[in-house]
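The listed protein sequences correspond, in order, to chains A and B. So the first sequence is numbered by the working numbering: it starts at 2 and just counts up by one. So the second sequence is numbered by the working numbering: it starts at 5 and just counts up by one. All C-beta atoms, glycine included, are put in the ideal place defined by N, C-alpha and C. From a predicted model like this one, the values you see are computed outputs, not experimental measurements.
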Amino acid sequence: MTVTLESLATCFQGLLPSQLFTCSSDGIPNAAYLSHVEYVDSEHVALSFQFFNKSRRNIAENPHALVFVLDPDTGQGWSLRLKYVRSETAGPVFDRMALRIEAIASYCGLKGIFKLRAADIYRVASVEALPEANACDCARVTESKLDPVFTVKALQDLSARIQQAHCLETLVDSILEGLEESFGFRNSYILVPTDQEGVLVTMATRGYAVGSVGAEVRHGEGIGGMVAEARKPIRISGLLRGMLYALAMHKAESEPQLTRLTRQIPVPGIPNPESQLGVPLLVRGELVGVLCLESEVPYRFHEEDKASIELLGGYLAIAIQNMQWQERTAESAAEPEPARVDAASPAALRACTRTQHNVVYYAGDECILVDGEYLIRGLPAKILWRLLSTRDATGREEFTNRELRLDKSLNLPEWKDNLESRLLLLRRRLDQKCPSVRLAPRSRGRFALEIDGSVALNLQP
Amino acid sequence: MIGPELAAFFEQGVGIHIGTRNERLHPNGARAIAAKVESGGTQLVVYVSEVAASRLQVDLESNGQAAVVFGRPEDERSCQVKGVMVDIRPATDDEQPMLERQWDGFLNQLEKIGIPRVSSVNWTTWPAVAVRLKVTTIFEQTPGPQAGAQIA
């Protein structure tokens with residue numbers, strides 16, 4: 002063939018529907034839309050086999066097929082003449098296609114409904130340009146192509162910001178800020194692992210409604226959970242998601258027992274994302290977090306950006322992990338001398354406002370509600386309860402990270418406890434939901450529990 | 005056979021593709037420009053640009069078998085009509101405004117999913133040929149539990 006499949010990479014993104022033409026053994030042609038054609042190698046493509054439909058029955062009888070794909074950048078249509086070779090139910094091609102389907106289904110809150118039965122592998126006998134769909138004169142027309150994303154300049158700018166961060170909080174904020182200002186991604190968030198196996202939590206968000214910090218995501222749920230599970234970047238364009246979304250809606254209507262996941266804090270998300278990208282933040286195989294980006298621009302993330310994306314993920318992971326270690330090391334050198342409350346301190350003065358908050362800790366669920374509203378759960382909840390109880394019993398307002406580490410009741414792991422991430426998450430949840438209770442940094446590894454007014458503590462089993 | 009609601013869907017300006025097959029049962033296909041329901045819903049006229057129709061004409065004249073799929077990107081509604089060719093002729097000047105109106109509707113659909121009109125400036129729509137089919141079966145193809153169900 003004169004045109005290589007590699008040169009058609011942009012056609013294999015699933016942005017536009019493809020068309021599949023087949024024919025039964027008794028000579029009846031069939032035409033259908035396809036959500037995605039997957040590139041396999043220089044001579045093969047794969048089509049997803051999810052349903053026993055007419056196309057699939059025809060292929061079982063007659064292996065010849067024709068597929069049209071369209072280049073979303075140029076408008077050029079291509080005709081691929083195919084012959085069915087085999088169906089794969091395992092391996093990298095199957096995994097890649099299944100992962101994409103699962104990520105999209107999970108985005109709809111309906112994980113597990115769409116099962117990829119097989120990746121059907123076809124040999125490409127010929128590739129021809131469709132004369133009725135010629136490319137436009139401009140080489141590249143989409144906004145994303147006119148505005149390349151992962152430029153060296155943007156990576157340099159982000160790196161400079163990261164270098165200036167002095168603590169975990171400024172680091173994660175500067176990452177998201179840099180992604181907006183240098184790369185143009187206005188909607189992004191970072192998930193970090195929690196103390197609960199297979200659960201992540203949003204630690205930093207940008208471009209979403211206030212209140213999305215603290216949202217929990219299980220491995221396999223949504224794009225972030227899928228990335229954490231697969232430890233691979235996932236890129237989704239709008240149309241494929243849309244088609245499956247339509248299917249999901251039909252399915253949900255016909256099977257009312259399927260309920261969407263209910264969450265105490267909604268996972269961040271723009272209403273109509275056209276492009277999504279999830280990047281695992283890995284250091285030597287350890288998952289430090291997941292970076293998720295969303296855009297209303299279709300086809301925002303390109304195949305050729307893959308190397309840059311993986312490089313960026315590795316760099317951010319090292320930066321975050323280094324900062325965690327740096328904070329922990331510096332804290333060990335600090336003098337852990339808790340101070341007693343000073344009657345003239347700003348905190349004491351603010352207490353004159355006399356706001357009363359009711360804080361209930363459900364020990365069994367390790368969950369805290371403030372004034373009847375969910376605040377946080379897990380280790381950050383245990384930490385907050387420990388701080389509030391200590392303050393209530395002793396009047397002490399200043400605490401150190403080190404004493405929390407030494408507190409056996411918190412059950413922090415001796416190795417990689419991610420305490421700084423937990424405290425940052427707790428601080429942000431308090432800022433959002435209960436700003437009159439604050440964790441105010443005093444120095445590295447030392448902070449104060451500031452409370453405007455009073456707090457009534459209620460321990461429940 | 006094709007009811008008024010379905011006819012309105014077919015003629016509103018959506019994605020249309022027509023498939024045929026040769027004597028060795030190898031499929032062929034082309035993008036269509038427009039469609040028109042006639043003869044009380046028993047016939048469907050599919051308009052294909054001349055340059056694309058040249059790939060289908062031999063198939064249609066030798067065995068007549070055709071499948072036409074309609075898809076609306078905005079909401080994924082899709083439907084397939086199967087039929088046998090009755091005749092094939094050049095589209096007339098009188099029909100051109102109707103073709104342009106439906107094509108414009110299709111380009112509007114593409115814009116809704118992020119494909120700008122500039123991508124389609126070199127897509128050929130005229131001159132066109134009109135392929136008249138006698139409708140034999142109709143299938144629902146919108147993603148969902150009814151996908152593939154015969155509706156007429």
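Problem - B/Glu42 and B/Leu48 closer than 9 Å at C-beta - result: What you label residue 42 of chain B is simply residue 38 of the second sequence in a count that begins at 1. What you label residue 48 of chain B is simply residue 44 of the second sequence in a count that begins at 1. For B/Glu42 and B/Leu48, yes; Cβs fall inside 9 Å.
Exercise for the section: State buried or exposed for A/Asn359, treating a residue as buried only when at least 16 other CB atoms are found within 10 Å of its CB. Expected result: Stepping through the first sequence from its first residue, residue 359 of chain A is reached at position 358. It is exposed - the Cβ of A/Asn359 has fewer than 16 other Cβ atoms within 10 Å.
Handout entry: C-beta atoms of A/Ile60 and A/Thr23 nearer than 9 Å
Key = Mapped onto the first sequence, residue 60 of chain A falls at position 59. Mapped onto the first sequence, residue 23 of chain A falls at position 22. At the C-beta level, A/Ile60 and A/Thr23 come within 9 Å of one another.
Handout entry: Integer-rounded CB distance, given that A/Ser19 should sit under 8 Å from A/Arg82
Key = Taking the first sequence and counting its residues from 1, the one referred to as residue 82 of chain A is at position 81. Taking the first sequence and counting its residues from 1, the one referred to as residue 19 of chain A is at position 18. Incorrect: roughly 14 Å between the Cβ atoms, too far for contact.
Problem - Environment of B/Pro8 [buried if 16+ CB atoms lie within 10 Å] - result: Start at 1 with the first residue of the second sequence, and residue 8 of chain B comes out as number 4. Note on B/Pro8: under 16 other CB atoms within 10 angstroms of its CB, so exposed under the neighbour-count rule.
Problem - Range covered by the alpha helix (DSSP H) that runs through A/Asn402 - result: Here residue 402 of chain A refers to the residue found at position 401 of the first sequence. Segment Asn402 to Leu407, the alpha helix (DSSP H) holding A/Asn402.
Practice task
Consider the Cβ of B/Phe143: report whether some Cβ of chain A lies at a distance smaller than 9 Å.
Solution key: Counting from 1 along the second sequence, the entry for residue 143 of chain B is found at position 139. Output row for B/Phe143: interface = yes.
Problem - Separation of B/Glu115 from A/Ala166, as counted between CA atoms - result: Mapped onto the first sequence, residue 166 of chain A falls at position 165. Mapped onto the second sequence, residue 115 of chain B falls at position 111. Here the alpha carbon of A/Ala166 sits roughly 42 Å from the alpha carbon of B/Glu115.
Practice task
Could you tell me whether the Cβ atoms of B/Asp79 and B/Asn26 are closer together than 9 Å?
Solution key: For the purposes of this step, residue 79 of chain B is taken as residue 75 along the second sequence, with counting starting at 1. For the purposes of this step, residue 26 of chain B is taken as residue 22 along the second sequence, with counting starting at 1. No; because the gap between Cβ atoms is not below 9 Å, this pair is not in contact.
Exercise for the section: Could you say which of A/Pro414, A/Glu415, A/Leu440 and A/Trp416 lies nearest to A/Leu488 if we only look at CA atoms? Expected result: Here chain A covers residues 2 to 462 and nothing more, so residue 488 of chain A does not appear.
Handout entry: Whole-angstrom C-beta distance between B/Arg35 and B/Ala56, which should lie under 8 Å
Key = The sequence position of residue 56 of chain B within the second sequence is 52, counting from 1. The sequence position of residue 35 of chain B within the second sequence is 31, counting from 1. Taking the Cβ atoms as the reference, B/Ala56 lies roughly 6 Å from B/Arg35, within the contact range of under 8 Å.
Problem - Neighbour list for A/Phe69 in chain B, Cβ cutoff strictly below 8 Å - result: Here residue 69 of chain A corresponds to residue number 68 of the first sequence, with the count starting at 1. What A/Phe69 touches in chain B: His21, Gly33 and Arg35.
Practice task
Mind reading off the beta-carbon distance from B/Val72 to B/Val50? Whole number of angstroms is fine, and I expect it under 8 Å.
Solution key: The residue given as residue 72 of chain B occupies position 68 in the second sequence. The residue given as residue 50 of chain B occupies position 46 in the second sequence. The Cβ separation is near 6 Å, so the contact holds.
Practice task
Could you confirm whether any beta carbon from chain A is found closer than 9 Å to the beta carbon of B/Val72?
Solution key: Locating residue 72 of chain B in the second sequence gives position 68, counting from the first residue. The C-beta of B/Val72 comes closer than 9 Å to at least one C-beta of chain A.
Handout entry: For A/Glu178, the three-state DSSP class (helix, strand or coil)
Key = For this step, residue 178 of chain A is matched to residue 177 along the first sequence. A/Glu178 carries a helical assignment under DSSP once its states are collapsed to helix, strand and coil.
Handout entry: Complete runs of the beta strand (DSSP E) confined to the region 361-449 of chain A [at least 3 residues]
Key = Correct list: 368-371, 374-378, 399-401 and 438-444.
Practice task
Compare the beta carbon distance of A/Val125 and A/His45 with 9 Å and say whether it is the shorter of the two.
Solution key: Against the first sequence, residue 125 of chain A aligns to sequence position 124. Against the first sequence, residue 45 of chain A aligns to sequence position 44. Yes. Within cutoff.
Handout entry: Span separating the alpha-carbon of A/Arg468 from that of A/Pro381
Key = Look at the range of chain A in this structure, 2 to 462, and you will see that residue 468 of chain A is not part of it.
Problem - Proximal residues to B/Gln16 (C-beta, below 7 Å), its chain only, five neighbours per side dropped - result: As a first step, residue 16 of chain B must be located in the second sequence, where it is residue number 12. Answer for B/Gln16: Gly109, listed in chain order.
Handout entry: Endpoints, beta strand (DSSP E) assigned at B/Gln84
Key = For the purposes of this step, residue 84 of chain B is taken as the residue at position 80 of the second sequence. Counting along the chain, the beta strand (DSSP E) containing B/Gln84 begins and ends at Arg81 to Pro94.
Exercise for the section: Please state whether DSSP places B/Ala156 in a helix, a strand or coil. Expected result: The residue labelled residue 156 of chain B in the question sits at position 152 within the second sequence. Correct three-state label for B/Ala156: coil.
Handout entry: Short-range partners of chain A found in the region 65-98 of chain B, where Cβ spacing is below 8 Å
Key = Result list: Asn67, Gln69, Ala70, Ala71, Val72, Val73, Gly75, Pro77, Asp79, Glu80, Ser82, Gln84 and Lys86.
Problem - At least three beta-carbon pairs within less than 8 Å, the region 84-97 of chain B to the region 133-142 of chain B - result: Touching, yes, given that three or more Cβ pairs across the two stretches are closer than 8 Å.
Handout entry: chain D within 9 Å of A/Glu178, Cβ atoms only
Key = Protein chains A and B are contained in the structure displayed, whereas chain D is not.
Practice task
Give me whichever residues DSSP pairs with A/Glu287 in a beta bridge.
Solution key: Here residue 287 of chain A refers to the residue found at position 286 of the first sequence. A/Glu287 has A/Val284 as its beta-bridge partners, per DSSP.
Exercise for the section: Output, in chain order, the set of chain B residues within a Cβ distance shorter than 8 Å of A/Asn135. Expected result: Along the first sequence, one-based indexing puts residue 135 of chain A at 134. Chain B residues near A/Asn135: Asn126, Trp127 and Thr128.
Handout entry: Nearest to A/Phe448 (by Cα), restricted to the options A/Asn402, A/Gln433 and A/Lys434
Key = The residue given as residue 448 of chain A occupies position 447 in the first sequence. Here the closest residue by C-alpha is A/Asn402.
Exercise for the section: Identify which residue in A/Gly379, A/Tyr362 and A/Asp366 has its Cα closest to the Cα of A/Asp372. Expected result: Here residue 372 of chain A is taken as the residue at index 371 of the first sequence, counted from 1. Nearest option by C-alpha distance: A/Tyr362.
Exercise for the section: Quick one: using the 10 Å Cβ neighbour count with 16 as the cut-off for buried, is B/Lys86 buried or exposed? Expected result: Locating residue 86 of chain B in the second sequence gives position 82, where the first residue counts as 1. Classification of B/Lys86: buried, given that the 10 Å Cβ count is 16 or more.
Handout entry: Limits of the alpha helix (DSSP H) - the one that A/Gly225 falls within
Key = The sequence position of residue 225 of chain A within the first sequence is 224, counting from 1. From DSSP, the alpha helix (DSSP H) with A/Gly225 extends over Gly223 to Ala231.
Problem - Sequence-distant residues of its chain with Cβ nearer than 6 Å to A/Gln325 (five each side left out) - result: Here the question's residue 325 of chain A lines up with position 324 in the first sequence. The answer, listed in chain order, is Glu421.
Practice task
Using a Cβ cut-off of 7 Å, pull out every chain B residue sitting near A/Thr203, in sequence order please.
Solution key: Numbered from 1 along the first sequence, position 202 holds the residue referred to as residue 203 of chain A. By Cβ distance, chain B contributes nothing, its closest Cβ being about 27 Å from A/Thr203, past 7 Å.
Practice task
Please classify A/Trp326: does DSSP put it in a helix, a strand, or coil?
Solution key: By one-based count along the first sequence, residue 326 of chain A stands at place 325. Residue state, collapsed to three classes: helix.
Practice task
With a threshold of 16 other CB atoms inside 10 Å of the CB of A/Ala119, please say whether the residue is buried or exposed.
Solution key: For this step, residue 119 of chain A is matched to residue 118 along the first sequence. That one is buried.
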